[in-house]
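Beneath this line is the structure, given in structure tokens, with notes to follow.
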Amino acid sequence: MNINAARLQHFFEVSSEIGKIGETGMCRPAHSALEKKMFEHAKGWMEAAGLTVRIDSFGNLIGRLKGKNPDAPILMTGSHLDTQPYGGRFDGIAGVLCAIEAVCTIAEKGIVPETSIDVIAFADEESWRFNKGLFGSRGILGKLEEGELQRKDKEGITREQALLDFGCDITNFKEDQYAPGSIRCFLELHIEQGPILDKSNKPIGIVSGIAGPLLLSLTLKGMAGHAGSVPMPLRKDALLGAAKVVVAVNEIASQFAPAPTVGTVGTLNVFPSSRNIIPEAVSMTIEFRDIDMERRDTCERQLKEAISEITETHGLTYELTVDTDIKSSYCADWIKDTIRDSCTELGLDAPELVSGPFHDALVMSEACDYGMIFVRCKDGISHNPLEYASYEDLALGSEVLYQTILKIVG
């Protein structure tokens, strides 16, 4: 093995203390002081190997290993360092730390790649703080939308203020975008976040494609009233309507089983949230994901029909907005083949599998060819403090990434 497995384990041991909740949990919000602290460690590790490191105006951490042809399109690799509010130690960060180890190994061996390599920790992949994620990857491609900086977190802090507090110069967005054609390909390592590799006893998998996410926000409005005096037929109960929407989402997504279509209601906020008042308003987040866009579009259409029928039945009004709508994408065959060659040389039988969760790689697929390496996680558990990947599997993943990078730009 070329990479330094002990050093990689040290990276994880350090990172697991930054934003730690409980014994194994993690909460490291995007653009936060905790993420900045994590950036400082990652920056130091990259600089120690000779990479040039910066934090751009979007809040991305970028380390560059300069190649022989610095003007040629680069290879980019990485993932993200922010976590879910009640997450684990490996989601996202595995792709950054394994990339740092792989590229630092290249630098330490004195290998000068033909083209430059950028190791990147993308800002706010997770989306929960401002209800719109993939911020850093969309930012470098010039794909941010109007009004994104005015989005607020639960404390009322805008994205703009969070970036300023982070030390970013939001007037430099255009200068920090990557020019079209300047990225040759993107590689992302990630824990699987599903059970396939664990059940088949395979430490490494090759991703064939990523399901497209449709993330929606729905607000239902009715009429508040005394819980003890308003007759049932006269009520305009927003929570009752929301409950029926929750059921509808589940039924709509389930109709395609065993296809990989999924639908989820992740949050519900009830106003005025008193046991003695009929709920006047409910805001909720809804999502559908599928690799097949026709199925996903069917889900969206059926949901809109269900919401219209439910609100009419219960005398409610509603507002439905789209937070994220990204088409599914398939990995480049030539990159899959290169990853497979690296696995074969290491004696690994790596199956191909689809990613249901979305990743920054999905955004990057709009600008360049991409490939993904999955690392087994125990019982497929993720977005949970019980999330676990062994240091042995992570070292194997980093070695596969190292070998693949060298095959492409070595």
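Each residue of the sequence shown is one higher than the one before, counting from 0 in numbering that gives the first Met the number 0. Glycine included, C-beta positions come from ideal geometry on N, C-alpha and C. Since the structure is predicted, the reported quantities are computational estimates derived from the model, not experimental observations.
Query: Backbone CA spacing between proline 384 and methionine 25 [nearest angstrom]; Result: 7 Å
Query: Cβ pair isoleucine 203, leucine 80 closer than 7 Å; Result: no
Query: Contacting residues, own chain, Cβ-Cβ under 8 Å from alanine 331 (five flanking each side not counted); Result: Cys184, Asp368, Tyr369, Gly370
Query: Exposure of aspartate 359, with buried meaning 16 or more beta-carbon neighbours within 10 Å; Result: buried
Query: N-terminal and C-terminal residue of the beta strand (DSSP E) that serine 126 is part of; Result: That residue, serine 126, is in no beta strand (DSSP E); it is neither H nor E in DSSP.
Query: Reference glycine 109, options Gly49, Phe287, Gly240, Met222, closest by Cα; Result: Gly49
Query: Boundaries (first-last residue) of the alpha helix (DSSP H) holding glycine 43; Result: 32-47
Query: Start and end residues, alpha helix (DSSP H) containing arginine 274; Result: Run containing arginine 274: none; DSSP gives neither H nor E here.
Query: Three CB pairs or more closer than 8 Å across the stretch 306-325 and the stretch 214-229; Result: yes
Query: Beta-carbon spacing of isoleucine 119, isoleucine 61 below 7 Å; Result: yes
Query: Proximal residues to glycine 18 (C-beta, below 7 Å), its chain only, five neighbours per side dropped; Result: Met25, Cys26, Arg27, Leu33, Thr82
Query: Outcome for glutamate 100 when other beta-carbon atoms lying within 10 angstroms are tallied against a minimum of 16; Result: buried
Query: Backbone secondary structure at valine 264 - three-state DSSP; Result: strand
Query: Exposed unless 16 or more other CB atoms sit within 10 angstroms - verdict on aspartate 378; Result: exposed
Query: Beta-carbon spacing of phenylalanine 10, glutamate 191 below 7 Å; Result: no
Query: When Gly86, Asp296, Ile73 are compared against aspartate 117, the one with the closest alpha-carbon; Result: Ile73
Query: CB contact check: phenylalanine 172 to chain B, cutoff 7 Å; Result: Considering every chain present, this structure includes no chain B. It has just one protein chain.
Query: Sub-7 Å separation of arginine 88 and serine 15 beta-carbons; Result: yes
Query: Run of the beta strand (DSSP E) containing tyrosine 401, from where it starts to where it stops; Result: Where tyrosine 401 is concerned, there is no enclosing beta strand (DSSP E), although the alpha helix (DSSP H) it sits in stretches over 390-408.
Query: Alpha-carbon spacing of leucine 361 relative to tyrosine 329, whole angstroms; Result: 9 Å
Query: Cβ-based burial, asparagine 59 [other Cβ within 10 Å; buried from 16]; Result: buried
Query: Reduced DSSP category for arginine 137 - H, G, I as helix; E, B as strand; rest coil; Result: helix
Query: Per DSSP, cross-strand counterpart(s) of lysine 151; Result: Thr157
Query: For cysteine 184, three-class secondary structure by DSSP; Result: strand
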